Structures are given as C-alpha cells and as structure tokens.
Amino acid sequence: MITAQQQVQNLLDFIEASPSPWHAVATIESQLQAFQFEKLEESAAWQLKAQGRYYVIRDDSSIIMFVMGLKPLLETGFKIIGAHTDSPGLRIKPNATNAAEGLLRLGVEIYGGPILATFTDRDLGLAGRVSYKDEQGHIVSQLVNFDRPLLRLPNLAIHMNRTVNEDGLKLHKQNELPLILSTWAEESLPQAYFSELLQQQSACPAERILSWDLAVSDTQKGAFWGANNEFYADGQLDNLASCHAALQALLTESVLNGDNSVVCAFFDHEEIGSTSCKGADGSFLEEVLQRISLMAEDIREGYARVLAKSFMISADMAHAYQPNFPWAYEPDHKVMVNKGPVIKINANQRYSTESISQAQFIDWCEQADVPYQTYAHRSDLACGSTIGPISSARLGIRSIDVGNPVWAMHSIRESAGVLDHGYIIRVMQQFFG
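Note that the numbering used here has the sequence shown beginning at 4, numbered continuously upward.
Here you go:
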C-alpha cells in the first residue's frame, strides 16, 4: 500500500510538472491517457458507453473528466469533485519588456491575491503557453516552461528601508514589481529580445508568435521539512493539492469500474472570481453534465431528476492554525495540520456547506476512518470563497466545501501536513464509492 510520504512525493512531482494552469491540465491529461480515458471535443458528437472513461478540455486550462457507472444516472445522480487549476501570482504583460539604466525588465500584472512580498529574492521562472500561426495558417498554442532561474525581484536593502521590519514589506504594484531579466545592450530591441527567448524555449519561429499567457513560477522544488519530515512545502498547493487528490481518487480501480457516474471538474480563473468561459461561473460543467444526462436518459425531465440526485464536493485548501498569529483565528475553530480534512462553514454562503451536506461528508469520513475538522472564519475578518457556492447555484445540487489545512495560503511557497493528503484521498474514494 502506498504510504502517506509516497502520496505527497507524487503530489510534489505533479506540481513540478505543472508550473502553470496550462501545464497542470496537460499533466492531468497524460495521466488520464495512461488509464485509457478518451478525449472528447465539445464541437463533436459524443458516443458514451457504460464504464466509459472520458475527458473534455476547454481552452487548455480547464478540464472535466468522468467515468460512466454501471447503474442508471436516475438512480445514482452524479458524484462530482470540483477544484481549480490556477494559483495567485504574477502574469507577464503583453508589451512585456522595459529597458532602462542598462537593465531589461519584464512588466507584470497581479493575478488574484498573492502575498507579493514572498516573490522577492526568489529564483523565478516563466511558464504558460504561446499562440502562433503554423505553416498551414492555423492559430495554435504550445506550452513553454523556463524551469530555471530566469527572473528576479531583488529586495531593497534595509539601509534604504529602515522600518521594513516594523512596517512590513510594501511593494508599489506598478513601479516596484517589474522583474529583472537581463543586462541590456542599447543596440538590441527589447521586444525582439524577449521574442527570441520565447523562440529558443518553444522552437516556434519568433515572427510567428502572436501572443502568450505566461505566469511567473518558482523554480525551487517542493520538499519535506520538519524534525520527522511531517510537513511539506511547495508552490501552488492552493489548489493543485486538491486537484491531485481528486485525480488519485478517480483513478482508483474500484471507482473506474464502479456503479456510480463520477466526475472531476477542475476550473481555471477561480482566483479572480470564476467569471469566464472556462471558470466555474461559466457554462462548462453545466453543459457537460447535460450532454451526459441527455445521452443516458431518454425522458425530457431526466436531467433535472439526475441533478436532484447529485452531490458535489468543492475541494480547496483551508487556513491552518499558526500559533505565532493567534489573533487571526476564530478561537473555537482552530484547524491543525495532520489532523484531517476541514469542513468549511460560513453562514453567508461564502462556502456551500449546510447541515445535511456536512453530515453526509462526516459519514464518509467515518466510513473511511478519516479524522475531520470544522472551520469558521473570524466574524471581524472578510471570508474568502470558492467554486462551491457558484457551482451549486448554477446546477441546483447539494454541495459541501472542504479542504486540507495549509499554512501561508497565497504565498509563493505554502506548507501543509503529510498525513492530510492521504486522508483526503481516502474520503474522496469513499465518496466516489
């Protein structure tokens, strides 16, 4: 049996292969193909069969995968786990390069809500996709990954910022975030220099590259830490850890050959509100479920009946208690690393959990012999949200928000407990049943 340490090492390998949402979906696709999943195109007609394994990709960074169960959908409904492929960070602007004072810098936009100070003094790379015109004149895209220290955001020396330790590091979002790329010889054109870099990394001729989606990535590999290696650290734990756990649960032999129709839906754009064609507030999941249901059932109201039988786990990370900052936590709802998945509750529906979905999840945890915790945010702090309320509202299905506890959420390098990853995989397997 695979150990908790091995499960986390698999996660760290998964994250290393997935430095951007586009890479994450490509990594997932390669694993699905190893299990004989068939790719479906949204623009094509679908033919589905019992125990068939399928996946659909929208715009390279959102993916829905599903397995058709042996029992009728009207009997079982869908069992869905939702998560997201994106993480907060920095994205490269279209006119990327800026040359001044003998240095070439890349301009960035802030994506979502990263802890900006954690991006300073790190070995940064770039990852994403480039779009170009191929020899037949078609617009196509290709993944690109600078998995070496390419960029840096050097901190200001304390001699020029004497109160940094008292006031905290504050970075002007426009003026102080451009990343140093290279020294600059004035006879070269800055934009041409960057296009040549993209050409070298992608093997696409520079003159054919028309645009790009590029995220700043951390080149430091994930690692175990702690006196007994009971913790691990890496970038993008929020939320690639949930994607990985759900994928491992899906690829379990009993789930692949089971009675239930199971779905994993991983969306881009959660960190910026989910409102896009491939976000959870878009049509992607709704349309896929509808197509599956209409093919499986030949009665007009079948889809609504299937949804009424369905359940969704929205899996995202939770705020682990950090004893250095006790003021930041609700005193009666401290959740600890290595103590099991967290049920997230908010009376204002920032999380989709309610008493019945909570009770059902607790039952699955008990059946799987998995400990669980409950979390509520401090009443005097604004609470974040997830894809749970969005997807539940769009589909009208019962849902719960859960996730593993993590330290330093939205840092470029987050930390979590080794035991928790195995715990949540087990309860997801129990849910898929």
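Backbone N, C-alpha and C define an ideal beta-carbon position, used for all residues, glycine too. Since we're looking at a predicted model, the values are computed, not measured.
Between residue i and residue j, how many whole angstroms is the CB-CB distance? I'm expecting something under 8 Å.
{"i": "residue 1", "j": "residue 21", "result": "This structure cannot settle anything about residue 1, because the visible part of the chain is limited to 4 through 436."}
{"i": "residue 129", "j": "residue 217", "result": "5 Å"}
{"i": "residue 282", "j": "residue 269", "result": "Going by Cβ atoms, the distance from residue 282 to residue 269 rounds to 11 Å, so no, they are not a contact pair."}
{"i": "residue 213", "j": "residue 135", "result": "6 Å"}
{"i": "residue 393", "j": "residue 319", "result": "With a Cβ gap of about 12 Å, residue 393 and residue 319 do not count as contacting."}
{"i": "residue 172", "j": "residue 123", "result": "7 Å"}
Would the beta-carbon of residue i fall within 8 Å of that of residue j?
{"i": "residue 71", "j": "residue 267", "result": "no"}
{"i": "residue 390", "j": "residue 249", "result": "no"}
{"i": "residue 413", "j": "residue 378", "result": "no"}
{"i": "residue 432", "j": "residue 258", "result": "yes"}
{"i": "residue 375", "j": "residue 346", "result": "yes"}
{"i": "residue 111", "j": "residue 180", "result": "yes"}
{"i": "residue 77", "j": "residue 133", "result": "no"}
{"i": "residue 279", "j": "residue 23", "result": "no"}
{"i": "residue 380", "j": "residue 349", "result": "yes"}
{"i": "residue 387", "j": "residue 310", "result": "no"}
{"i": "residue 366", "j": "residue 222", "result": "no"}
{"i": "residue 241", "j": "residue 19", "result": "no"}
{"i": "residue 15", "j": "residue 229", "result": "no"}
If distances are taken between C-alpha atoms only, which option among the options comes closest to residue i?
{"i": "residue 372", "options": "292, 344, 387, 217", "result": "344"}
{"i": "residue 138", "options": "81, 79, 279, 211", "result": "211"}
{"i": "residue 360", "options": "82, 11, 56", "result": "82"}
{"i": "residue 42", "options": "185, 58, 99", "result": "58"}
{"i": "residue 60", "options": "286, 233, 92, 358", "result": "286"}
{"i": "residue 327", "options": "74, 124, 196, 411", "result": "411"}
{"i": "residue 429", "options": "247, 330, 277, 398", "result": "247"}
{"i": "residue 298", "options": "18, 26, 51", "result": "51"}
{"i": "residue 102", "options": "193, 164, 54", "result": "193"}
{"i": "residue 87", "options": "346, 367, 31", "result": "31"}
{"i": "residue 397", "options": "272, 277, 19, 185", "result": "277"}
{"i": "residue 384", "options": "125, 56, 330", "result": "330"}
{"i": "residue 186", "options": "153, 167, 207, 169", "result": "153"}
{"i": "residue 90", "options": "55, 13, 294, 245", "result": "245"}
{"i": "residue 149", "options": "116, 131, 164", "result": "131"}
{"i": "residue 12", "options": "341, 227, 64", "result": "227"}
Where does residue i land, buried or exposed, given buried means 16+ other C-beta within 10 angstroms?
{"i": "residue 382", "result": "exposed"}
{"i": "residue 205", "result": "buried"}
{"i": "residue 161", "result": "exposed"}
{"i": "residue 80", "result": "buried"}
{"i": "residue 143", "result": "exposed"}
{"i": "residue 362", "result": "exposed"}
{"i": "residue 263", "result": "buried"}
{"i": "residue 95", "result": "buried"}
{"i": "residue 5", "result": "exposed"}
{"i": "residue 272", "result": "buried"}
Give a yes or no on contact between the segment 346–358 and the segment 417–436, applying the rule of three or more CB pairs nearer than 8 Å.
Cβ pair count under 8 Å is below three, so no.
Examine the Cβ distances between the segment 96–107 and the segment 330–338 and report whether three or more of them are shorter than 8 Å.
no
Please determine if the segment 226–243 and the segment 32–46 are in contact, where contact requires at least 3 C-beta pairs separated by less than 8 Å.
no
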